[in-house]
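*Asks:* Before I ask anything, here is the structure I am working with.
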Amino acid sequence: MTDRGALLDAVLRDFDDVQARSVYADWLQERGDPRGELISLELRWACGSCAATEVRRIKHLRHALVAAVRQRFDNKRMALEIERGFVVAVDAQVSWLLERGAELFACEPVRYVVVRGTSPDALARLGEIAGIERVQWLWLSTASPQLLGAIKLPSLSLRITPRFKGLPALLDLPQMRRGFTPWSGYSVESLAAAAAEPALRNIEWLALHDDHLVVAELLASLPWRLRHLDISQRRLSLDALAALADNPTFSALRRIDLAGSDLDRRGAEQLVRGRFQLAHIDVSKCAKLSTDALDVLRGRFGDDAVVTDPGMLSSTIPKSK
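Residue numbers (the numbering used here): 178 to 498.
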């Protein structure tokens, strides 16, 4: 394996390894590759040490990287998301993913995939291509138990509608025992019904994307002993954060994603009351979070646990409305 291959493989194995990304960035910069500059600048930005001119440079390099990847893979229509100097999300037709997906996954730490034009046969083949095992989140333009049953992945997050009539059959899939991402429009009652399903009794993570008042009520009543909770991009009331801190079933939590939320100093003070000992709390792109609020979080959970990496600048991947 070449030096480049070994360094890239280290990044693909553990995308959260800052040292691996730093070494790879240095190697690229020594050879005049602009990707190295982007990765290096992103590492500095995550530490809050980038000037305004460097932030603009990051945006320029990200756009250039998207254009270069589209050209390399001869697909100008696919949507991409760049994070930390790498492609982490792709939105493309299943036919293209079957033809070129393995090649993309071999050089980029793709974690999120939007699949267009699916069929059970195509998804079964997609589940077998090299690198797909690193994908953590899958969005399907159509869904059915038959379709989802064709996917052979160790764990999976799916966006589904509460009106989806195949929900009981879907919940029996082994992949769904790890996580659950409902579509917008759910209620306390619908999630309580989901919690009663045998296949969902032992889930480890949950993503909630809805109105802050619903989130507050849900956080006060959810029965799951979750390890990972995603409430990013939300308007979070103090009541919601207090409910999160006070619910004893959340004592097993190890990760909370709050990226892009309106978390502030008062919200941080609510979070630190929780019984959980977090190994990861993502507060990137929280515009209201002050330096002293970050100090509150770091004092409770540790410097390494509090993630301020700005992550994605602009999303091209569909989100729940």
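Yeah, the Cβ is synthetic: ideal placement off N, Cα and C, and Gly gets one too.
(1) Determine whether the beta carbon atoms of Ser217 and Ala202 lie at a separation below 7 Å.
(2) Taking the alpha helix (DSSP H) that Leu458 belongs to, which residues open and close that run?
(3) Do Asp407 and Ala384 have their C-beta atoms within less than 7 Å of each other?
(4) Quick one: Cα of Glu477 to Cα of Gly209, how far?
(5) Taking Val267 as part of the beta strand (DSSP E), name the residues at either end of that continuous run.
(6) Going by other Cβ atoms of all chains shown within 10 Å of its Cβ, with 16 needed for buried, is Gln447 buried or exposed?
(7) How is Leu440 classed by DSSP in three states: helix, strand or coil?
(8) So what's Ala299 in DSSP terms, helix, strand or just coil?
(9) In angstroms with no decimal places, state the Cα-to-Cα distance between Thr468 and Ser272.
(10) Please classify Thr129: is it buried, with 16 or more other beta-carbons within 10 angstroms of its beta-carbon, or exposed?
(11) For Val291, name the three-state secondary structure that DSSP assigns.
(12) Hey, quick one: how far does the beta strand (DSSP E) through Asp518 stretch, first residue to last?
(13) Taking only runs that begin and end inside the segment 383 to 426, name each unbroken alpha helix (DSSP H) of 4 or more residues, in chain order.
(14) Quick check: the Cα distance between Arg412 and Gln270, rounded to an integer number of angstroms?
(15) Taking all protein chains shown into account, do 16 or more other C-beta atoms lie within 10 angstroms of the C-beta of Val265, making it buried, or fewer, making it exposed?
(16) Measuring CA to CA, which of Arg402, Leu215, Asp472 and Ala183 is closest to His237?
(17) Any idea which residues DSSP pairs Leu257 with across the strands?
(18) Between which two residues does the alpha helix (DSSP H) carrying Leu471 extend?
*Replies:* This is what the structure holds:
(1) yes
(2) Before going further, note that residue 458 is Ile rather than Leu in the sequence given. No alpha helix (DSSP H) holds Ile458; the beta strand (DSSP E) holding it covers His457 to Asp459.
(3) yes
(4) It is worth fixing the name first, because residue 477 is Arg in this sequence and not Glu. Going from the Cα of Arg477 to the Cα of Gly209 covers about 42 Å.
(5) Phe263 to Gln270
(6) buried
(7) coil
(8) helix
(9) 47 Å
(10) Residue 129 lies beyond the residue range present for the chain, which begins at 178 and ends at 498; the question has no answer from this structure.
(11) strand
(12) As displayed, the chain neither begins before 178 nor continues past 498, which places residue 518 out of reach and without an answer.
(13) 389 to 398 and 415 to 423
(14) 33 Å
(15) buried
(16) Leu215
(17) Val267
(18) Thr468 to Phe478
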